[in-house]
Structures are given as structure tokens and as C-alpha cells.
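Quick note: the sequence shown, position 179, residue 219 per the working numbering, numbers continuous.
The beta-carbon is built from N, C-alpha and C at its ideal position, and this holds for glycine as well.
No experiment lies behind these values; they were computed from the predicted model shown.
The next block holds one structure in the form of C-alpha cells; read it before the comments.
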Amino acid sequence: MRKILVAILAIAATAQAHEQPVTPDIDIRGALTSGTLLIGDVHSAERVELNGEPLRMTPEGQVVFGFGRDQHGAQEITLFDHHGRKFKKTLQIKPRQYKIDRVDGVPQQTVTPDPEQQQRAKREAAQVWTARNNALSDRTDFLAQVKMPAQGRISGVYGSQRIFNGTPRNPHFGLDIAAPTGSPVLAPWSGKVILAENDLFYSGGTLIIDHGYGVTSTYIHLHKLHAAVGDEVAQGQKIAEIGATGRVTGPHLDWRINWRHERLDPALVIEHFSATATSPVPAADR
């Protein structure tokens with residue numbers, strides 16, 4: 041009888057040990073700096089929040105998010121286990137310094153569109169906003185290693201800004217790749233085209249591709265588009281040609297990446313999510 045009792049107690053202890061909840065965790069990939077895209081590999085969590093807002097999780101347990109040009113400081117991730125318990129992690133996002141050019145003596149008509157042009161630009165901006173706002177698909181193309189969409193000289197960088205006659209203009213939110221008109225533009229990830237316009241006021245020929253979970257990529261000043269809204273495109277497929285359409289001074293591709301409406305730095309995406317990407321952020325740096 042005693043042996044039976046000891047065996048029952050041993051089984052109960054083993055079962056209790058197995059029932060101990062596992063603490064949720066998240067491994068972060070990407071640069072902990074302003075303008076970054078981050079991918080998190082979630083372990084043993086039922087749901088995840090970023091600064092109190094829910095993040096959608098892929099079936100394989102990944103979340104994707106990003107921080108804009110001027111966002112920095114402490115950012116809070118909350119993980120919930122299947123018991124509803126909360127576990128918090130804090131990411132320290134470092135600020136960045138950007139190139140600022142001051143140009144005085146510029147004729148005002150050169151830098152300020154007339155009222156009719158301004159109204160057109162507002163309508164087109166709303167069109168672009170709506171396209172990105174609807175880019176909440178379950179695609180997971182963004183998890184693949186990213187590739188450069190074009191070859192050429194880097195002529196403009198993310199975050200830079202010009203101040204004309206003492207008035208700051210909008211910062212630049214893309215990576216400019218200068219190349220001759222007609223040079224190919226290739227899809228850096230697979231995806232679905234959600235906007236394709238040949239002649240927007242500021243950006244000229246413009247293409248936006250949805251890569252899933254709020255991640256989109258944008259291609260501006262295009263000479264010719266080779267994809268239409270609704271098209272499924274494969275990574276490496278020719279989607280457009282570099283041009284000088286819209287308000288530009290020469291042919292180049294302005295390549296942009298968004299997470300939802302946060303404008304992110306494509307150079308950081310290439311650095312951390314291409315074939316030569318660095319390893320996940322060490323625990324000591326989280």
C-alpha cells in the first residue's frame with residue numbers, strides 16, 4: 041500500500057510540475073533606433089501589445105512593427121499568456137541625427153504649389169492614405185529576406201530635410217537610387233499591388249505593394265508601371281521602370297517602406313533583413 045501511495049504522489053508531483061506556466065518571451069530582430077522595422081519571434085504568448093495597442097500575430101508566432109523618424113525612447117511590449125497574466129518588456133529606441141540643408145533666396149513660387157495644385161496633392165495624399173489603411177492582409181511576404189529593388193547610386197537618404205527660406209519642408213522618407221530612365225525596378229518581396237498611378241502631382245508614377253500585416257513598400261517617380269492594382273507579384277519580378285516623373289530634378293527611384301502609417305528607413309531594412317543581415321538583438325541590448 042505504501043508503495044502505491046508513493047507512486048501516486050510521484051505522479052501527482054510530476055503532473056503539477058508540467059502544469060507550471062511557461063513565461064512568455066519575445067526575440068526582436070532589427071535596429072533599435074528611430075525609423076526601424078522590427079520583427080518579433082513570440083514564445084508562449086497568446087497575444088501581444090505595443091504601447092497598449094494590440095499587434096497581430098502570424099500563425100507561426102511572429103509580430104511586425106516599426107517606429108517613425110522622430111520616435112525614440114522607451115517603448116513597452118506586453119505579452120499575455122493563456123492565463124491572462126501580463127509580462128512586460130521595454131525597448132529603448134535610440135534617436136538619430138539627420139542631414140539638414142538650409143537654402144535661402146529660393147523664389148517662393150518654386151517651393152510652394154498654387155492653390156489648385158495643393159488641392160490636387162491633398163486628394164492624392166488621401167488616396168495613398170486609404171490604400172495603406174487597407175493593407176492589413178494576412179500575407180507574410182515580409183518574413184522573407186529582402187532584396188534591393190534597383191541598382192544605382194544612392195542619391196538621397198531617409199530622414200534628411202531641407203529648409204527653404206527659413207521654412208522647413210517635409211523630411212525625406214525614402215531611399216533614393218539614381219539610375220537612367222528605363223532602368224528596371226524589381227519587387228524586394230513578393231506581394232499584392234494596392235495602388236498603381238501613372239501621374240500623381242508630387243510622386244509621378246507611383247506603385248504601392250502590400251506585403252502583409254501592415255507592411256507596404258512604395259515606388260515613386262516611375263517612368264513606366266509593369267503592374268496594376270490587384271496583381272500578385274513575385275520577389276525579383278520587374279514591376280516598373282525608373283523615371284523622373286512628378287516633382288524631381290532627375291531620374292531616380294524613391295523607395296519607401298511603411299508599417300501601417302509609420303514611415304520607415306529602407307536602408308535599415310536592407311541592413312538587418314537581407315541575406316547579409318545581422319543576428320537578432322542580444323538580450324543585453326533589449
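query = What is the C-beta distance between residue 200 and residue 212, in whole angstroms, given that I count them as a contact (C-beta under 8 Å)?
reply = So it is a contact: roughly 5 Å between Cβ atoms.
query = Buried or exposed: which applies to residue 157, given that a residue is buried once 16 or more other Cβ atoms fall within 10 Å of its Cβ?
reply = exposed
ask   = To the nearest angstrom, how far is it from the Cα of residue 188 to the Cα of residue 81?
value = Distance between the alpha carbons of residue 188 and residue 81 is about 24 Å.
query = If you draw a straight line from the alpha carbon of residue 91 to that of residue 117, how long is it in whole angstroms?
reply = The alpha-carbon separation between residue 91 and residue 117 amounts to approximately 6 Å.
task = Look up residue 265 in the DSSP assignment and give the residues it is bridged to.
result = In DSSP, residue 265 forms a bridge with 280.
ask   = Taking C-beta to C-beta, are residue 315 and residue 185 nearer than 7 Å?
value = yes
inquiry  = Across the region 234 to 249 and the region 302 to 316, are there enough close Cβ pairs to call them in contact, namely three or more that are closer than 8 Å?
reply    = no
inquiry  = Given a cut-off of 7 Å on the beta-carbon distance, is the pair residue 274 and residue 230 in contact?
reply    = yes
ask   = If you measure from the CB of residue 203, is any heavy atom of the ligand SAM nearer than 6 Å?
value = With respect to the ligand SAM, the structure shown offers nothing to examine, as it has no ligands at all.
query = Can you give the Cα-Cα distance for residue 69 and residue 160, rounded to whole angstroms?
reply = 40 Å
query = Where do the ends of the beta strand (DSSP E) carrying residue 246 lie?
reply = That run of the beta strand (DSSP E) goes 244 to 252.
task = Quick one: which unbroken alpha helix (DSSP H) runs of 4-plus residues sit fully inside the region 289 to 323? Chain order, please.
result = 306 to 313
query = Looking only at DSSP bridge pairs, what is residue 126 linked to?
reply = In the DSSP output, where bridge partners are listed per residue, residue 126 has 120.
Assigned exposure category for residue 306 - 16 Cβ within 10 Å defines buried = buried
ask   = Below 7 Å between beta carbons: does that hold for residue 259 and residue 280?
value = yes
key: Rounded Cβ spacing between residue 262 and residue 234 (contact assumed at less than 8 Å)   = So it is not a contact: roughly 15 Å between Cβ atoms.
Residue 164 - containing alpha helix (DSSP H), residue span = 155 to 173
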